[in-house]
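Written below as structure tokens is the structure these notes are about.
2 protein chains.
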Amino acid sequence: MSGDAQISRLKPGRRTDIRRENERAILEAAEKVFAEAGFGGATMQLIADMAGLPKANLHYYFATKEDLYRKVVQQIFEIWLDAASSFDDAPGPVEGIGAYIDAKMDISRTHPHGSKVWASEVMHGAPVIQDYLETTLRDWTDGRIAVIQRWIDEGKMRPVNPRHLLYMLWATTQHYADFGHQIQTLNNGKPLSDKQWQEAKASVKDMVLRGIGAI
Amino acid sequence: MSGDAQISRLKPGRRTDIRRENERAILEAAEKVFAEAGFGGATMQLIADMAGLPKANLHYYFATKEDLYRKVVQQIFEIWLDAASSFDDAPGPVEGIGAYIDAKMDISRTHPHGSKVWASEVMHGAPVIQDYLETTLRDWTDGRIAVIQRWIDEGKMRPVNPRHLLYMLWATTQHYADFGHQIQTLNNGKPLSDKQWQEAKASVKDMVLRGIGAI
DNA sequence: CTTCACCTTGACCATACGGTCAGGAAACGA
DNA sequence: TCGTTTCCTGACCGTATGGTCAAGGTGAAG
Numbered sequence: 281m282s283g284d285a286q287i288s289r290l291k292p293g294r295r296t297d298i299r300r301e302n303e304r305a306i307l308e309a310a311e312k313v314f315a316e317a318g319f320g321g322a323t324m325q326l327i328a329d330m331a332g333l334p335k336a337n338l339h340y341y342f343a344t345k346e347d348l349y350r351k352v353v354q355q356i357f358e359i360w361l362d363a364a365s366s367f368d369d370a371p372g373p374v375e376g377i378g379a380y381i382d383a384k385m386d387i388s389r390t391h392p393h394g395s396k397v398w399a400s401e402v403m404h405g406a407p408v409i410q411d412y413l414e415t416t417l418r419d420w421t422d423g424r425i426a427v428i429q430r431w432i433d434e435g436k437m438r439p440v441n442p443r444h445l446l447y448m449l450w451a452t453t454q455h456y457a458d459f460g461h462q463i464q465t466l467n468n469g470k471p472l473s474d475k476q477w478q479e480a481k482a483s484v485k486d487m488v489l490r491g492i493g494a495i
Numbered sequence: 281m282s283g284d285a286q287i288s289r290l291k292p293g294r295r296t297d298i299r300r301e302n303e304r305a306i307l308e309a310a311e312k313v314f315a316e317a318g319f320g321g322a323t324m325q326l327i328a329d330m331a332g333l334p335k336a337n338l339h340y341y342f343a344t345k346e347d348l349y350r351k352v353v354q355q356i357f358e359i360w361l362d363a364a365s366s367f368d369d370a371p372g373p374v375e376g377i378g379a380y381i382d383a384k385m386d387i388s389r390t391h392p393h394g395s396k397v398w399a400s401e402v403m404h405g406a407p408v409i410q411d412y413l414e415t416t417l418r419d420w421t422d423g424r425i426a427v428i429q430r431w432i433d434e435g436k437m438r439p440v441n442p443r444h445l446l447y448m449l450w451a452t453t454q455h456y457a458d459f460g461h462q463i464q465t466l467n468n469g470k471p472l473s474d475k476q477w478q479e480a481k482a483s484v485k486d487m488v489l490r491g492i493g494a495i
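Those sequence lines, one after another, are chains C and W. Counting from 281, one number per residue, gives the positions in the first sequence under my numbering. Counting from 281, one number per residue, gives the positions in the second sequence under my numbering.
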């Protein structure tokens, strides 16, 4: 566990804000703790401490640990889907896939905890979000495969397997969040700088877009 | 937890074999349980049940849960390093990187649990194998970067950033193990067939090798 | 001010977990 | 056969954890 830093939590006056603000602080703390310790290793006490609340107060807002975890995972899934829109309304793979890589790399940098929670959830067999995988994710995947296939048919890129292209996009971009600690260690223990993130994005886009013959 | 299948454990007669056989069964069970539940979610009782031994017997061979976990992670790291030799004594990127992708994809198929344990360990900040990252892995990485740079200088591939190429190789190949459940779900719930694994390997190699201008 | 719904929290409980231990069984060497 | 080392295991222990509860505090509405 690296950071003991407490989540900032403003004391709101208005009644409506109390709930929203506390739920926000709890979810933010939970995302961090679940990411750093895993579901089994996370404790409600630790989340409570990081959110700056007594443990009993957590159970007032979230009945069980599973409830809290479910909310965290759902939140992340929504962010994933938002980024996915980069894919749409693009004339070709250079713009569409390029924007998608940009968006996903940005998420890896700004939401590393969320990415790890998602990875952990999937690695453990997706006990909580299995239905999302079978519905929303599958539909989204099928749709993007159709788009890629269209680009191939239009001669805008080489005839690669669209499904494995998607896997490569997910793997490569999320790697910078999920394995961020390893990358930081190999970067002499220092987090990637702005310039290094730019270099990472450029490298990924360059290799992928050339790999599919889009440039 | 998907599989309750007990690890096969032969009852050996000879004294020497008892230790080896039991340690093997425990490590095999532990790898599976740690992968499916994470370190925090795994219990010694569950590992004992899967190994077909009383819990107290586990503590006879491995003093603590951390000890057992450490052994599991080390075992995986050795497998990683063995595969790395594919990189060496290759005349160029097509052979070297091609063989490396083959080897790592094979490991993702044959040792999915190990890959997940490794991923989980790194995601949690590598509390156990931090020193490996800073020594063995860093040295190996630097060496391969030098090899890739030589290939670039010799005009055998485009001048990509060798470090980000390595990250892409790791990410893409390990994705098929770590996110195997997601891939299986998107494959109508069925594990990838032999033919589909061949297709995956070919796709990855094709996109990567073209992406770096080696073919 | 009164009322009431909502929020807060220290104390508490049952359970499950990692780990211990003593005593017995089994393998080995002489 | 006997002694010694290694292996086996049921019973047990202290602790930490998820969750509960009852009593008290606090903001808003009339």
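We put the beta carbon where it would ideally sit given N, CA and C, even for glycine. As the structure is a prediction and not an experimental result, all values here were calculated from the model.
Query	Result
Span separating the alpha-carbon of S388 (chain W) from that of E316 (chain C)	24 Å
Residue closest to R300 (chain W), alpha-carbon to alpha-carbon, out of W:Y341, W:V313, W:K335, W:G493	W:Y341
Residue nearest to I409 (chain C) in terms of C-alpha spacing, selected from C:F357, C:V440, C:Y380	C:F357
Nearest-angstrom Cα separation, counted from L445 (chain W) out to K475 (chain W)	27 Å
Close-in-space but distant-in-sequence residues of the same chain around A364 (chain C) (CB under 7 Å, 5 per side omitted)	W420
Under 8 Å between C-beta atoms of M448 (chain C) and M487 (chain W)	yes
Partners in chain C for H444 (chain W), counting only beta-carbon separations shorter than 8 Å	E479, A480, S483, V484, M487
Nearest-angstrom Cα separation, counted from L326 (chain C) out to A336 (chain C)	12 Å
Opening and closing residue of the alpha helix (DSSP H) in which R438 (chain C) lies	Premise fails: R438 (chain C) is in no alpha helix (DSSP H) and is neither H nor E.
Cβ-based burial, E346 (chain C) [other Cβ within 10 Å; buried from 16]	exposed
Span of the alpha helix (DSSP H), counted from its first residue to its last, around H393 (chain C)	392-403
Under 9 Å by beta carbon: chain C residues contacting H391 (chain W)	Result: empty, since nearest Cβ-Cβ is about 14 Å, beyond 9 Å.
Host alpha helix (DSSP H) of I432 (chain C) (start-end)	418-433
Short Cβ contact (8 Å threshold) for V397 (chain W) with V353 (chain W)	yes
CB-CB length for A480 (chain W) against L472 (chain W), believed under 8 Å	7 Å
Option nearest E311 (chain C) by Cα separation, candidates C:P392, C:A379, C:D422	C:P392
Start and end residues, alpha helix (DSSP H) containing A494 (chain C)	That residue, A494 (chain C), is in no alpha helix (DSSP H); it is neither H nor E in DSSP.
Where L489 (chain W) sits in the DSSP three-state scheme	helix
Closest residue to Y412 (chain W) among C:D422, C:P334, C:Q462, C:E414 (Cα-Cα distance)	C:Q462
Helix, strand or coil at G372 (chain W) [DSSP, three-state]	coil
Under 8 Å (Cβ pairs) to chain W, residues found in the segment 437-465 of chain C	R438, V440, N441, R443, H444, L445, Y447, M448, W450, A451, T452, Q454, H455, Y456, D458, F459, H461, Q462, I463, T465
S473 (chain C): contacting residues in chain W (beta-carbon distance under 9 Å)	Near S473 (chain C) there are no residues of chain W at all, since even the closest Cβ is about 14 Å away, more than 9 Å.
Cβ of K345 (chain W) within 8 Å of any chain C Cβ	no
Straight-line Cα distance separating I377 (chain C) from I425 (chain C)	12 Å
Of the residues W:G394, W:F367, W:G318, the one placed nearest E308 (chain W), counting alpha carbons only	W:G394
Coarse secondary structure for S473 (chain C), derived from DSSP in three states	coil
DSSP-derived helix/strand/coil call for K353 (chain W)	One detail in the question is off: residue 353 (chain W) reads as Val in this sequence, not Lys. The answer is helix: DSSP assigns V353 (chain W) an H, G or I state.
Inter-residue CB distance, P373 (chain W) and K436 (chain W) (contact presumed, cutoff 8 Å)	6 Å
Inter-residue Cα distance where the pair is D362 (chain W) and A494 (chain C)	35 Å
For T465 (chain W), the nearest candidate out of C:Y349, C:Q429, C:R418 (CA to CA)	C:R418
Contact list for L413 (chain C) against chain W, beta-carbon separation under 7 Å	Q462, T465
Euclidean distance between Cα positions of W450 (chain C) and V484 (chain C)	12 Å
For G378 (chain C), three-class secondary structure by DSSP	helix
Contact residues within the segment 307-334 of chain C, judged by C-beta distance below 8 Å to chain W	A315, E316, A317, G318, F319, G320, G321, A322
Contact under 8 Å by Cβ, F314 (chain C) with A305 (chain C)	no
H455 (chain C) versus C:L489, C:K351, C:A399, residue with shortest Cα-Cα distance	C:A399
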